[in-house]
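Engineer:
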């Protein structure tokens, strides 16, 4: 198979776009597509101070690499979660992230969960009802809190994550299976700051397939952590991604169409109109200010994160 | 024979078939992997030759 733009051998065939590209034109295409997405969805501009949440994985490191090439002011934030899994998962992902930022002369901030809170994610999960058996829920809560906190404290105007199309389609699929209206209203590639304690969020890779991000990382020689988080095995998100890939194999473009049609349907009023009002969540619920951290919460008391880390002192 | 490796799994298929057919034969969804031969990424219409060693990089990652 030949590259659409030259006579070189193609390295990837994106059937949903009917487009095959070589190792020279493919990364250029990904960078151009990301730029187009950032501009089309009004995510941020070169004047913005951007904080990229990086995990050491292919998507977040690739996103940082793309933003760096495009000339955005993008610093990185790595959150050390204290997960070992028998192979030093957190240590290795941190090492790779540091290596990446040093090679490009980029600024990396590190938030260390065990150092700050006296325990890592597995211990936090063990201690609470929310995380018993599966720490992913606690991990998500802690990461969202720290990302927002770091962005606010650092004066960043936008926080970006490396969520790709497969991540978004799998989340949508899960929320559709249960018709979770609140989550369906909130799922968006751009989340405005609805509260003084929140920073705007954006997902510049949301139109790019996970497989394409893997190819991008490999072609660019990005040394990402290949091993999965030890807690991810058997997760629902992986199961949904596999199901969606089965459909994609028979119907190229099905994943992309599923997610983009959802965004279009919502814009056309299929769901209740999401309010843009400040101090109001996407589902219309009131947002209060947590007296512990200043971030928003749906209850007029300490937020879930502050209760999680504060509860440690109260437990025997 | 052609060797195909993904993580710690290893498969053997006959030379002469395309990568796409080889993946179908070993039950791996072509949407979920990137294939590398001699350090270069290849598309799934490539014919596999005797002695080829193919490394598959899993594309799917997950969690919250």
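Chains as they are written, first to last, in the numbering used here: chain A, 132 to 447; chain B, -13 to 50.
Built from N, CA and C at the ideal position, the CB exists for glycine as well.
#1: Using alpha carbons as the reference points, say which of A:360, A:302, A:314 and A:382 lies closest to residue 337 of chain A.
#2: Between residue 23 of chain B and residue 40 of chain B, what straight-line distance do the alpha-carbon atoms span, to the nearest angstrom?
#3: For the stretch 214 to 287 of chain A, which segments carrying the alpha helix (DSSP H) assignment without a break, of at least 4 residues, lie completely within its bounds, in sequence order?
#4: Can you tell me which of A:222, A:212 and A:236 puts its alpha carbon nearest to the alpha carbon of residue 200 of chain A?
#5: Could you give the distance in angstroms between the alpha-carbon of residue 295 of chain A and the alpha-carbon of residue 437 of chain A?
#6: Taking CB distances under 7 Å as the criterion, tell me whether residue 299 of chain A reaches chain B.
#7: Is residue 38 of chain B close to chain A, meaning its C-beta is less than 7 Å from at least one C-beta of that chain?
#8: According to the Cβ coordinates, are residue 316 of chain A and residue 402 of chain A closer than 7 Å?
#9: Pull out every residue of the stretch 365 to 387 of chain A whose Cβ sits closer than 8 Å to any Cβ of chain D, in chain order.
#10: Quick one: does residue 446 of chain A have its CB under 7 Å from some CB of chain B?
#11: In the DSSP assignment, what are the bridge partners of residue 149 of chain A?
#12: Counting only Cβ-Cβ distances shorter than 9 Å, please list the residues of the stretch 11 to 35 of chain B near chain A, keeping chain order.
#13: Is the beta carbon of residue 209 of chain A closer than 7 Å to that of residue 440 of chain A?
#14: Just verifying my parser: in three-state terms, what is the DSSP assignment at residue 143 of chain A?
#15: Please name the residues in the stretch -5 to 9 of chain B whose beta-carbon is closer than 9 Å to at least one beta-carbon of chain A, in chain order.
#16: Name the residues in the stretch 143 to 159 of chain A whose C-beta lies less than 8 Å from a C-beta of chain B; which are they?
#17: For a test of the three-state rule: what should DSSP assign to residue 161 of chain A, helix, strand or coil?
#18: Among A:214, A:335, A:222 and A:314, which residue has its Cα nearest to the Cα of residue 190 of chain A?
#19: Using 8 Å as the threshold, is the stretch 339 to 355 of chain A in touch with the stretch 223 to 231 of chain A, meaning 3 or more CB pairs across them?
#20: Starting from residue 416 of chain A, find everything on chain B with Cβ-Cβ shorter than 7 Å and list it in chain order.
#21: Would you tell me roughly how many angstroms separate the C-alpha atoms of residue 318 of chain A and residue 212 of chain A, rounded to the nearest one?
#22: In whole angstroms, what separates the C-alpha of residue 363 of chain A from that of residue 274 of chain A?
#23: Please state the DSSP three-state secondary structure of residue 25 of chain B.
#24: Evaluate the contact criterion for the stretch -9 to 8 of chain B versus the stretch 27 to 47 of chain B: three or more CB pairs, one atom per stretch, below 8 Å.
#25: Within 8 Å, do at least three Cβ pairs link the stretch 424 to 435 of chain A to the stretch 9 to 19 of chain B?
#26: So the candidates are A:187, A:165, A:157 and A:282; which of them puts its Cα closest to the Cα of residue 29 of chain B?
#27: Quick check on the DSSP output: the alpha helix (DSSP H) that includes residue 312 of chain A runs from which residue to which?
#28: Give me, in chain order, the residues of the same chain whose beta-carbon lies closer than 8 Å to that of residue 308 of chain A; leave out the 5 immediate sequence neighbours on both sides.
#29: Are the beta-carbon atoms of residue 185 of chain A and residue 207 of chain A separated by less than 7 Å?
Structural biologist: Put simply:
#1: Each of A:360, A:302, A:314 and A:382 was checked against the Cα of residue 337 of chain A, and the nearest Cα belongs to A:302.
#2: Each residue's alpha carbon lies about 5 Å from the other.
#3: The alpha helix (DSSP H) runs lying completely inside the stretch 214 to 287 of chain A and spanning 4 residues or more are 220 to 235, 244 to 248, 252 to 258 and 267 to 284, given in chain order.
#4: Put simply, of A:222, A:212 and A:236 the residue whose alpha carbon is nearest the alpha carbon of residue 200 of chain A is A:236.
#5: About 30 Å.
#6: Cβ-Cβ to chain B under 7 Å: no for residue 299 of chain A.
#7: No, residue 38 of chain B lies away from the interface with chain A (no Cβ there is under 7 Å from its Cβ).
#8: Cβ atoms of residue 316 of chain A and residue 402 of chain A: closer than 7 Å.
#9: The structure shown contains no chain D; its protein chains are A and B.
#10: Bear in mind that the predicted position of residue 446 of chain A carries a pLDDT of just 39, short of 50, making it too unreliable to give a figure here.
#11: Partner(s): none; residue 149 of chain A has no beta bridge.
#12: Taken in chain order, the members of the stretch 11 to 35 of chain B whose beta-carbon sits within less than 9 Å of a beta-carbon on chain A are 15, 16, 17, 18, 19, 20, 22, 26, 27, 28, 29, 30, 31 and 32.
#13: No, the pair does not count as a contact, with Cβ atoms beyond the cut-off.
#14: DSSP, read as helix, strand or coil, puts residue 143 of chain A in strand.
#15: Under the 9 Å Cβ criterion, the stretch -5 to 9 of chain B contributes no residue.
#16: Taking 8 Å as the Cβ-Cβ cut-off against chain B, the residues of the stretch 143 to 159 of chain A that qualify are 143, 144, 151 and 154.
#17: In the three-state reduction of the DSSP assignment, residue 161 of chain A falls in the helix class, which pools H, G and I.
#18: Ranking A:214, A:335, A:222 and A:314 by Cα distance to residue 190 of chain A puts A:335 first.
#19: Touching, yes.
#20: Listed along the chain, the chain B residues whose CB falls inside 7 Å of the CB of residue 416 of chain A amount to none; the nearest CB is some 21 Å away.
#21: If you take the alpha carbons of residue 318 of chain A and residue 212 of chain A, they lie about 25 Å apart.
#22: Whole-angstrom Cα-Cα distance: 15 Å.
#23: Under the three-state reduction of DSSP output, residue 25 of chain B falls in the coil class, being neither helix nor strand.
#24: Segments in contact, yes.
#25: The stretch 9 to 19 of chain B and the stretch 424 to 435 of chain A do not touch, with fewer than 3 CB-CB distances between them shorter than 8 Å.
#26: Considering only alpha carbons, the answer is A:157.
#27: Taken as a continuous stretch (DSSP letters only), the alpha helix (DSSP H) holding residue 312 of chain A covers 312 to 317.
#28: Hits under 8 Å: none found.
#29: Taking 7 Å as the cut-off, the Cβ atoms of residue 185 of chain A and residue 207 of chain A count as close.
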